[in-house]
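Q: Dropping a structure here in structure tokens format, bear with me for questions.
Next up, the structure:
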């Protein structure tokens, strides 16, 4: 699954001394590229973030391993003037970091570099984005590492459980293949040719959302943006991705005789972040699964006297397929009872609201939001997601205000209007006991979950 980055949960110290407040604005570079600038006075590091829209995960004929391997190969497999692998040492010398990360909807890019080294780091990054060598030997190295990780993930019970969930909800679709660990055949077929095709369709000059954050002037920011995108081809942005998903509630047990214990996972949809109320979701998530104080932990460890823990997370298959997820290891003999108790504890939360005082829930978010007000890495990510959700970059500077705006009433409204009822979850268990979850659809392989109704 694609993990949601909760940028305001990053624990960072307060600045040693007061600095001028950050500001946000939309700008246009000298060559006409629109971008968001987060001006952060006194910041030593500059962050450039990009998000190119993609339709690769909607193409039935596309190899869904290509974006993962291609994202790595473009930056490390050499470029015009740079032998394969040399960029790693070059960026280390500049104290810079660069990464491309594919998702179902976008290819995300980030460049982080000390302000004094911005121009040189941008020049190197541009060479790799504009004219990657896609070295075959380097491709073999990346492909084998990716295949090894896929095999390891697919062999673990928790990984097989998530595979079954994706089969149940997404079916045999390109999106499921993109999110899955059963890509071994696709991995073997990744070639410089199909990576080049993906690169040409995706890394375009005129389609990306762009954010630059740091102590840089409008002129410096515009020049850096133009230099980063210099020479990239132009093209037409794909239509916004739209994915089919079936969240019909089901109970599925994947029988795995080799599993030591059982895994239990609940998944249900939540509205996408562009509809707002993200902070209410995070407060409620903390009430559900915050370490040894969350409702789910108390239910499993204290109520059931289990040696295992249970937690909650926000996740997503794609931008408009956002998920509420509960997961944990469970004693096999207590699997059925654990399912019942988790449902009951969750229903109680929806009926009564969080047991924890609102200010206790607010405190960690308020502290971290305040600490992150002058951190380019956090502000730039928040601004980029705001752009993708259709908001302006100034939303990145409103975190403190939005955290303070959460109330007991807004939490109750969110629970009742947007959060699923306990009966609305898809439940998947992985267990060595085929009879551990009475009434469930019992399967032996993850793909059989698609037929469970």
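Residue numbers (our numbering): 1 to 453. In this text, a Cβ means the ideal position worked out from N, Cα and C, and glycines have one as well.
(1) For residue 331, which three-state DSSP category applies?
(2) Are residue 73 and residue 380 touching if we call contact CB-CB under 7 Å?
(3) Using 8 Å for Cβ pairs, my map puts residue 71 next to residue 107. What's the rounded Cβ distance?
(4) In its own chain, which residues sit with a C-beta less than 8 Å from the C-beta of residue 336, not counting the 5 before and 5 after it?
(5) Indicate whether residue 319 and residue 55 have their beta-carbon atoms separated by less than 7 Å.
(6) Residue 13 by DSSP, collapsed to three states: which one?
(7) At the level of alpha carbons, what is the spacing between residue 133 and residue 195?
(8) Use the C-beta contact count for residue 57: other C-beta atoms within 10 angstroms, 16 or more gives buried, fewer gives exposed.
(9) Check residue 52 in the structure and name its three-state DSSP category.
(10) Within 8 Å, do at least three Cβ pairs link the region 170 to 177 to the region 236 to 246?
(11) For residue 402 and residue 79, what's the separation of their Cα atoms in angstroms?
(12) Go to residue 225, then tell me how far its alpha helix (DSSP H) extends in each direction, as first and last residue.
(13) Alpha carbon to alpha carbon, how far is residue 200 from residue 233?
(14) State buried or exposed for residue 88, treating a residue as buried only when at least 16 other CB atoms are found within 10 Å of its CB.
(15) For residue 110, I'd like the list of residues in its chain whose CB is within less than 6 Å of its CB, leaving aside the five on either flank, ordered along the chain.
(16) Quick one, which of 62, 124, 46 has its alpha-carbon nearest residue 75's?
(17) Considering residue 97, what are the terminal residues of the beta strand (DSSP E) in which it resides?
(18) For residue 420, which option in 204, 346, 371, 180 has the closest C-alpha, if you only look at C-alpha atoms?
(19) Bridge partners of residue 106, per DSSP?
(20) Report all residues from its chain with a CB closer than 8 Å to the CB of residue 308; omit the five preceding and five following residues, and keep chain order.
(21) Could you check the C-alpha separation between residue 383 and residue 90 for me, to the nearest Å?
(22) Looking at the unbroken alpha helix (DSSP H) that takes in residue 33, where does it start and where does it end?
(23) I believe residue 66 touches residue 198 by the beta-carbon criterion, under 8 Å. Please report the beta-carbon distance rounded to the nearest angstrom.
(24) I'd like the list of long-range same chain contacts for residue 95, defined as Cβ closer than 8 Å, with 5 residues on each side in sequence excluded.
(25) I need the straight-line Cα distance from residue 46 to residue 36, nearest angstrom please.
(26) Below 7 Å between beta carbons: does that hold for residue 254 and residue 69?
(27) Between 218, 235, 192, which has its C-alpha nearest residue 204's C-alpha?
(28) Kindly indicate the opening and closing residues of the alpha helix (DSSP H) around residue 269.
(29) Tell me where the alpha helix (DSSP H) around residue 253 begins and ends.
(30) Where residue 42 and residue 372 are concerned, what is the direct C-alpha to C-alpha distance, given to the nearest angstrom?
(31) Can you name, in chain order, every residue of its own chain whose Cβ lies under 7 Å from the Cβ of residue 192, other than the five neighbours on each side?
A: According to the structure shown:
(1) Here residue 331 corresponds to residue number 331 of the chain shown, with the count starting at 1. If DSSP states are grouped into helix, strand and coil, residue 331 belongs with coil.
(2) Within the chain shown, the letter at position 73 stands for residue 73. Within the chain shown, the letter at position 380 stands for residue 380. The answer is no: Cβ separation not under 7 Å.
(3) What you label residue 71 is simply residue 71 of the chain shown in a count that begins at 1. What you label residue 107 is simply residue 107 of the chain shown in a count that begins at 1. Confirmed, Cβ separation roughly 7 Å.
(4) Here residue 336 corresponds to residue number 336 of the chain shown, with the count starting at 1. Counting only Cβ-Cβ distances below 8 Å, and skipping sequence neighbours, we find 436, 437, 438.
(5) Stepping through the chain shown from its first residue, residue 319 is reached at position 319. Stepping through the chain shown from its first residue, residue 55 is reached at position 55. No, they are not a contact pair.
(6) Mapped onto the chain shown, residue 13 falls at position 13. Interpretation of residue 13 is limited by its pLDDT of 41, a score under 50 that renders its predicted location unreliable; no figure is taken from the coordinates.
(7) The count along the chain shown starts at 1 and reaches residue 133 at position 133. The count along the chain shown starts at 1 and reaches residue 195 at position 195. Approximately 11 Å, taken between the alpha carbons.
(8) As a working note, residue 57 is residue 57 in the chain shown. So residue 57 counts as buried.
(9) What you label residue 52 is simply residue 52 of the chain shown in a count that begins at 1. Strand, per DSSP.
(10) yes
(11) One-based indexing of the chain shown puts residue 402 at position 402. One-based indexing of the chain shown puts residue 79 at position 79. C-alpha separation (whole angstroms): 44 Å.
(12) Against the chain shown, residue 225 aligns to sequence position 225. 218 to 229 is the span of the alpha helix (DSSP H), which, as asked, contains residue 225.
(13) Indexing the chain shown from 1 puts residue 200 at position 200. Indexing the chain shown from 1 puts residue 233 at position 233. The straight-line gap from Cα to Cα measures roughly 8 Å.
(14) The residue labelled residue 88 in the question sits at position 88 within the chain shown. Exposed: under 16 other Cβ atoms inside 10 Å.
(15) The residue given as residue 110 occupies position 110 in the chain shown. The answer, listed in chain order, is 49, 99.
(16) Here residue 75 refers to the residue found at position 75 when the chain shown is read from its first residue. Looking at the Cα atoms, 124 is the closest of the given residues.
(17) By 1-based counting over the chain shown, the position of residue 97 is 97. Segment 97 to 102, the beta strand (DSSP E) holding residue 97.
(18) Position 420 of the chain shown holds residue 420. Among 204, 346, 371, 180, the Cα nearest to that of residue 420 is on 346.
(19) To locate residue 106, count along the chain shown from 1; it is residue 106. Residue 106 pairs with 53.
(20) Taking the first residue of the chain shown as 1, we reach residue 308 at position 308. If we look at residue 308 and ignore the five residues flanking it on each side, its Cβ neighbours are 261, 300, 301, 328, 329, 330, 331.
(21) Position 383 of the chain shown, counted from the first residue, corresponds to residue 383. Position 90 of the chain shown, counted from the first residue, corresponds to residue 90. Looking at the two C-alpha atoms, the distance is approximately 28 Å.
(22) Counting from 1 along the chain shown, the entry for residue 33 is found at position 33. Taken as a continuous stretch (DSSP letters only), residue 33 belongs to no alpha helix (DSSP H), as it is neither H nor E.
(23) Translated into the one-based positions of the chain shown, residue 66 becomes position 66. Translated into the one-based positions of the chain shown, residue 198 becomes position 198. With 8 Å as the limit, residue 66 and residue 198 qualify as a contact, their Cβ atoms being about 5 Å apart.
(24) By one-based count along the chain shown, residue 95 stands at place 95. Hits under 8 Å: 113, 114, 117.
(25) Against the chain shown, residue 46 aligns to sequence position 46. Against the chain shown, residue 36 aligns to sequence position 36. Cα-Cα distance, rounded: 13 Å.
(26) As a first step, residue 254 is located in the chain shown; it is residue number 254 there, counting from the start. As a first step, residue 69 is located in the chain shown; it is residue number 69 there, counting from the start. No. Outside cutoff.
(27) Here residue 204 refers to the residue found at position 204 when the chain shown is read from its first residue. It is 235.
(28) In the chain shown, the residue the question calls residue 269 occupies position 269. Counting along the chain, residue 269 falls outside any alpha helix (DSSP H), though it belongs to the beta strand (DSSP E) covering 262 to 270.
(29) Numbered from 1 along the chain shown, position 253 holds the residue referred to as residue 253. Here residue 253 belongs to no alpha helix (DSSP H); instead the beta strand (DSSP E) covers 251 to 255.
(30) As a position in the chain shown, residue 42 is number 42, starting the count at 1. As a position in the chain shown, residue 372 is number 372, starting the count at 1. Answer to the nearest angstrom: the Cα atoms are 14 Å apart.
(31) For this step, residue 192 is matched to residue 192 along the chain shown. Excluding sequence neighbours, residue 192 sits near 134, 136, 139.
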